[in-house]
Structures are given as C-alpha cells and as structure tokens.
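Residue numbers (full-length UniProt numbering): 1 to 269.
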Ligand SMILES: [Zn+2]
Ligand SMILES: [Zn+2]
Ligand SMILES: [Zn+2]
C-alpha cells in the first residue's frame, strides 16, 4: 500500500490564509515543511480521503493523476476537508478520457451536501451512504468507518483500511476516541496510524487531539499489541495557534518515534 499525505494543516492552513500572527509570519519566512495545506490523503492512486479546497494545488504540486481516483471517502464536511463543487469538474465537457463513475462514500451530511452541488447523473457520480462499524469492500480494500469525537452536530468518521494484508488507521479529525471506536480497534493490528494533532501543546483533547494525547494513544496501542516494531505512527493536522514549526514538532515527538507529517509525505507499507 502506498499512502501519500497531501495536506497537514488545520482549517485555516499554516500559515493561515488571512493570518498575520507571529507563528504564521515565521512559517512564511522559513517555508519548506512549515507550509501546510488542508488535509487529505491518497492511497495507491485510486482511493482518496477527503477533498479539501487545496485539492487543485495538490494536483499541481504533487503531479497527481486525479482522474485515476475511483473512490472518494469523506470523513466529515468541515470546509478544510470538503469542497465538493470542484468534483463537478469531473463531468463531461470539463474532463475528457476519464473512467466513470467515481464512487463517493460518506455519512448523511457529506452525501446530502455532495448531491446538492453535483449533477445527479448516476453514470458519472455514484453515492454510497456508509455507517460506522460496518465494513465495506472497496476494490481490493476493506474499509471500516469508525466514530470520531469531533463535530457534535455531524457524524464524523475515521477510517480503518485493510489492503494486501496491511492496515491503515486514518484518525482525524477527532478528539479522544469514543468508547465504541476503542472497543472496535482493540484487537486490530495497525501498520500505519495517522492521528490528529491539531492542539500541539495546548491542554485540550476533545474534538481534536494534542501531542500528549497522541503519545497516550501510542501507549495504549503498544500495551494491547495493536502496533508492532515496524508500525508507523504519524501525527498531522496542525493548527497555527500551536505556534510550533516542523523541527520543533519533530523534537517533541522524537523520543516516542512518532513521525511528524508534512505535505506530500509518502509512506509505503
Ligand atoms: Zn480538519
Ligand atoms: Zn497565524
Ligand atoms: Zn473538522
């Protein structure tokens, strides 16, 4: 499985799209891995998680062949993960020589909002409502949505993706996992976990996680043999409010072995 992380910021981007705080000024000046766009990931070129407003930027920056994406999973509909109008650019006349349909998966709000802005042509856009804790066969992958602790007014999903004997846990946006998610995860083996770290050193672990919570999750994973020596844990989705540059984050995480995501990061498992 090849996983590429396409964006690693929280909603405003890092530096924030309109922000003039000292952290954003510093990130602009330093550049490199301190420039973080809105969150998404792509698996083996064909399965994409979320469709943020920076997707066109990702296509240009990482030379993506986005027409190869056959399946699109939505975690939730916050603006940094959900920009469905651009998916309409996959319609005839806007895109040529591409396979149809694209399959779009999400919970009620994501699917309803996609249907509201995309042409309702079954042969081009296929929608599938998915439920937490049900497992779906998507191409050669088995995908299980899990419950997040995020927007209390929307069912927000995390994804457990198994393919070719390997597994990816896509764990954001979320705060400390709800009990039902912990129960489901407890006997699973995780090769790669990508976890929310929006709050950095801010002492808050509801709705979004922080560094301490990510480390606590690693301890639980270790204690229950959910991860092994070769497993990779990666923290992502950083807010400008935490004021931590990429190198500072690496330093804070280095004793734990947890990696700090950056835009374009590629993981092979
Ligand atoms: Zn987000
Ligand atoms: Zn800022
Ligand atoms: Zn969110």
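Even glycine gets a Cβ: it sits at the ideal position worked out from N, Cα and C.
* When DSSP labels each residue in this structure, what does residue 56 get in the three-state scheme? -> DSSP places residue 56 within a helical segment (H, G or I) once states are collapsed to three.
* Asked: Is the beta carbon of residue 77 sitting closer than 7 Å to the one on residue 50?
  -> No. Outside cutoff.
* To do: Would you check whether ligand 3 has a heavy atom nearer than 6 Å to the C-beta of residue 173?
  => If you check the C-beta of residue 173 against ligand 3, you find a heavy atom less than 6 Å away.
* When burial is assigned at 16 or more other CB atoms within 10 Å of the CB, is residue 21 buried or exposed? -> So residue 21 counts as exposed.
* Asked: For residue 145, which three-state DSSP category applies?
  -> Residue state, collapsed to three classes: strand.
* Contacts around residue 162, its chain only, beta-carbon distance under 6 Å, and the 5 residues preceding and following it disregarded -> Correct list, in chain order: 142.
* Sorted by chain position, which residues of the same chain lie with C-beta nearer than 6 Å to residue 144's C-beta, five sequence neighbours on each side aside? -> Excluding sequence neighbours, residue 144 sits near 135, 160.
* Could you tell me the boundaries of the alpha helix (DSSP H) in which residue 29 lies? => That run of the alpha helix (DSSP H) goes 22–30.
* **Whether residue 118 touches residue 87 by CB criterion (7 Å)** => With contacts defined as CB atoms closer than 7 Å, residue 118 and residue 87 qualify as a contacting pair.
* Assuming residue 242 contacts residue 185 under a Cβ cut-off of 8 Å, what Cβ separation, rounded to an integer in Å, is found between them? -> Between residue 185 and residue 242 the Cβ distance is about 26 Å, and since that is not below 8 Å, they are no contact.
* When 80, 111, 207 are compared against residue 152, the one with the closest alpha-carbon -> Per the C-alpha coordinates, the member of 80, 111, 207 positioned closest to residue 152 is 207.
* Asked: Since residue 163 sits in a beta bridge, which residues does DSSP pair it with?
  -> Partner(s): 166.
* **In DSSP terms, what residue 38 is bridged to** => Paired residues: 9.
* Is the region 247–267 touching the region 213–223 in the sense that three or more CB pairs, one from each, lie closer than 8 Å? -> Inter-segment contact for the region 213–223 and the region 247–267 is present: three or more beta-carbon pairs are separated by less than 8 Å.
* Asked: Do residue 197 and residue 148 have their C-beta atoms within less than 7 Å of each other?
  -> Taking the C-beta atoms as reference points, residue 148 is found no nearer than 7 Å to residue 197.
* **Start and end residues, beta strand (DSSP E) containing residue 232** => Looking at the DSSP string, the run of the beta strand (DSSP E) that includes residue 232 is 232–236.
* To do: Compare the Cα-Cα distances from residue 16 to each of 146, 80, 116 and report the closest residue.
  => Answer by Cα proximity: 80.
* Count the other C-beta atoms from every protein chain shown that fall within 10 angstroms of the C-beta of residue 62, then say buried if there are 16 or more, exposed otherwise. => The residue in question, residue 62, is exposed, as its Cβ has fewer than 16 Cβ neighbours within 10 Å.
* To do: Could you check how far apart the C-beta atoms of residue 240 and residue 83 are, in whole angstroms? I think they sit under 8 Å.
  => Contact between residue 240 and residue 83 fails: their C-beta atoms lie close to 20 Å from each other, not under 8 Å.
* residue 23 beta carbon near ligand 3 (any heavy atom closer than 6 Å) -> For residue 23, the CB stays at least 6 Å from every heavy atom of ligand 3.
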